[in-house]
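Numbering-wise (full-length UniProt numbering), the sequence shown opens with residue 1 and increments by one. Just so you know, even glycine gets a beta-carbon here, dropped at the ideal spot from N, CA and C.
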Amino acid sequence: MRAISLTAVALLGAALLAPVGTAAAVGETCQGQAATIVGTPGGQITGTEGADVIVTNGAIRVDALGGDDLVCSTGENGGVTYAIGVIVVLGAGADTFIPSERDNSTIYAGTVDGTDTDADVIRVSGEGLVISGMAGQPNADIIDLVVAAGEVSWSGIQTAPGAVSLGRNGILGVRSANGDVTVDASGTVDASGTVTGADTALTWTGRLLRLVFTTSAKYGRFTFRGTDGTERVKVNAPMTYDRDIALGGGHDSYESNSLGGKATRIKGGDGRNRLLLDLHNHDRVRVDLSGSRVTATKVGVEESVRVRGFPDLTVAAKRADVIGTDRANHITVAACRTTIKGMKGRDLLSAEARYRDLADPWVRPRCSNYAATIDGGPSIDFIEGSSGDDRLVGGRGRDTIAGGPGKDRLIGGPGKDRVSGGLQRDVCQGEKFRNCEKRI
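Right, dumping it as structure tokens:
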């Protein structure tokens, strides 16, 4: 999910230096009602404790306060677009928010501290984020992500007249603090899905692209059933919390900050799937993709879970040892000490000091230095080293090997190989060389 707190603080700081919207609005309307408050571009709007009709007019923050408020987001006309979006805190009351074509807006259905007891109607266009509900409490909000890539952060038990539409490629965040939670998206690719739990429940319509489940419960089980479409599932949970994941037939991904309890089972399905394990605070992680097993050690405690159906892997840990499969694998490791053994497939094997390609960046493992040993195996492979001293071996096949800034030993092996060293003194063997100080 998006990191919203720092953004909100930054925008609030800027807004405090800008003028407050005026209560005398001339000519502006919202859903046919005359505006009572109109903002100024880049400014801040503060409503009243009564029912307000607010037109943002390019303001970057709205605090509607109490009352049943109507808020219309405007400001793109006249050749001026505020790409950072608007932060709207609807506050108490049964409020309505109507969007413009503005992207990246953040809408709090209640207050910033999470109090949200009234039924709101919120429509969001672009890449907007809606934060709705309270854990374990009734939630009757009606939320409509008008176009693709919007996001809903959901808490509470859905009650009438509540409804959530995710549009064409929506992101859904679900929070829980108590026991088991089941998310079922398995009906059809573009239909609906359900969330069922002791303190959270929801039925949505539209196409789910990404699900982020967060729980503080130490014990329980998260169950997910996917579709044949593309889905990305992320779980933030204690390592003792079980997961039962079946992603379906699309090109999916499963991401987590812990492995889960002993009963955890993670199945990728028939598509080309990626397993992402952000275990940067673990001492050692061993991933055997061909043996369908992941084992992680942290402060002397070892945990192990079964995974299958994942030809691609991204993992972060202080030390990581990875074995691939006979299929083509795309394996990326961010670790202090990396060992990767490729098999028969055409692999892309990389040892990076950090993983850079995620919407939610991972924390870099803390290391005094880095080192990688990578064996591509008997096929055509692309191998990329770490920032430390590496030993990279291509094996049979026409391999491409790229060292890093350390003192590397790069061995192409049998086949017509391309070998490229880095900044320091590298030892290379291959048919085509670049930046190699010593050739063997």
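Could you please give me the residues that DSSP links to residue i through a beta bridge?
i           : result
residue 298 : 301
residue 52  : Beta-bridge pairing links residue 52 to no other residue.
residue 270 : BP columns for residue 270 are empty, so no partner.
residue 254 : 233, 275
residue 34  : 29
residue 529 : The structure shown has nothing for residue 529, since the chain only spans 1 to 440.
residue 205 : 165, 192
residue 186 : According to DSSP, which records beta bridges pairwise, residue 186 is partnered with nothing at all.
residue 312 : 274, 330
residue 46  : 63
residue 323 : 288, 341
residue 438 : 427
Thinking residue i and residue j are a contact (beta carbons under 8 Å), I'd like their distance in whole angstroms, please.
i           : j           : result
residue 224 : residue 241 : Contact flag wrong, Cβ pair sits at about 13 Å.
residue 64  : residue 47  : 4 Å
residue 350 : residue 324 : Not really, about 12 Å apart at Cβ, beyond 8 Å.
residue 285 : residue 277 : 7 Å
residue 401 : residue 417 : 7 Å
residue 173 : residue 153 : 4 Å
residue 388 : residue 406 : 4 Å
residue 414 : residue 396 : 5 Å
residue 38  : residue 62  : So it is not a contact: roughly 11 Å between Cβ atoms.
residue 150 : residue 162 : Not really, about 17 Å apart at Cβ, beyond 8 Å.
residue 194 : residue 180 : Actually they are not in contact, since the Cβ atoms of residue 194 and residue 180 sit about 14 Å apart, beyond 8 Å.
residue 182 : residue 196 : 5 Å
residue 100 : residue 117 : Not quite, the Cβ-Cβ distance comes to about 28 Å (not below 8 Å), so this is no contact.
residue 107 : residue 128 : 7 Å
residue 158 : residue 201 : 5 Å
residue 297 : residue 283 : 5 Å
residue 170 : residue 208 : 6 Å
Which of helix, strand or coil does DSSP assign to residue i?
i           : result
residue 236 : strand
residue 61  : strand
residue 399 : coil
residue 415 : coil
residue 21  : At residue 21 the pLDDT is 48, less than 50, meaning the model places this residue with poor confidence; the figure from the coordinates comes in the next sentence. Coil, per DSSP.
residue 428 : strand
residue 288 : strand
residue 306 : strand
residue 442 : Given that the chain is displayed from residue 1 to residue 440, the structure contains no residue 442 and the question cannot be resolved.
residue 155 : coil
residue 246 : strand
residue 173 : strand
residue 12  : For residue 12, the predicted structure reports a pLDDT of 36, less than 50, and the residue's modelled location is therefore unreliable. A value from the coordinates is still provided. Helix.
residue 227 : coil
residue 40  : coil
residue 317 : strand
residue 197 : strand
Of all Cβ atoms in chain C, is any one closer than 8 Å to the Cβ of residue i?
i           : result
residue 410 : Looking at the structure shown, chain C is missing, and only one protein chain is on hand.
Report task. Enumerate, from N- to C-terminal direction, the unbroken beta strand (DSSP E) stretches of 3 or more residues contained entirely within the stretch 64 to 146. Result -> 70 to 72, 87 to 89, 96 to 98, 106 to 108, 121 to 124, 129 to 132, 142 to 145
Query raised in the report: Just checking, does the stretch 291 to 304 make contact with the stretch 248 to 257 on the three C-beta pairs under 8 Å criterion?
Result: no
Query raised in the report: Using 8 Å as the Cβ pair cut-off and three pairs as the minimum, do the stretch 309 to 328 and the stretch 256 to 264 touch?
Result: no
Query raised in the report: With contact counted as at least three CB pairs below 8 Å, one residue from each stretch, are the stretch 332 to 348 and the stretch 296 to 310 in contact?
Result: no
Requested in this report: Tell me the start and end of each unbroken beta strand (DSSP E) in the stretch 328 to 408 that is at least 3 residues and wholly inside, in chain order.
Outcome: 330 to 341, 348 to 352, 371 to 375, 382 to 384, 389 to 393, 400 to 402
Query raised in the report: Should the stretch 87 to 106 be called in touch with the stretch 115 to 134, which here means at least 3 C-beta pairs below 8 Å?
Result: yes
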